[in-house]
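Student:
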Amino acid sequence: QRKVGVVLLNGQKLDLCCDVKAVCKDVLDMVVAHIGLVEHHLFSLAYLKGS
Numbered sequence: 001q002r003k004v005g006v007v008l009l010n011g012q013k014l015d016l017c018c019d020v021k022a023v024c025k026d027v028l029d030m031v032v033a034h035i036g037l038v039e040h041h042l043f044s045l046a047y048l049k050g051s
């Protein structure tokens, strides 16, 4: 398992645990499920290096 930090546009921070082999879609699916998005096809993730 690996910890992944996600910062939403509203500033909310999510700490997720996912499989080491997880891809971006897996992480996005976890975020969508967590915040209950209906129109999830309108959203994506961006990678930020550093803090």
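Under UniProt numbering, the first residue of the sequence shown carries the number 1, and numbering increases by one thereafter. Glycine residues also receive a C-beta, built at the ideal position from the N, C-alpha and C atoms.
#1: Comparing C-alpha positions only, which one of 40, 31, 42, 24 sits nearest to residue 13?
#2: Among the residues of its own chain, which have a CB less than 8 Å from the CB of residue 45, if the five just before and after it don't count?
#3: Beta-carbon within less than 8 Å of residue 17's beta-carbon, same chain only, minus the 5 sequence neighbours each way: which residues are those?
#4: Could you give the DSSP three-state label for residue 45: helix, strand or coil?
Tutor: For this structure:
#1: The sequence position of residue 13 within the sequence shown is 13, counting from 1. Here the closest residue by C-alpha is 31.
#2: Taking the sequence shown and counting its residues from 1, one reaches residue 45 at position 45. Answer for residue 45: 6, 24, 27, 28, 31, listed in chain order.
#3: On the sequence shown, position 17 is the one that residue 17 refers to. Taken in chain order, the residues that qualify are 1, 2, 3, 4.
#4: By one-based count along the sequence shown, residue 45 stands at place 45. Residue 45 falls in the coil class under three-state DSSP.
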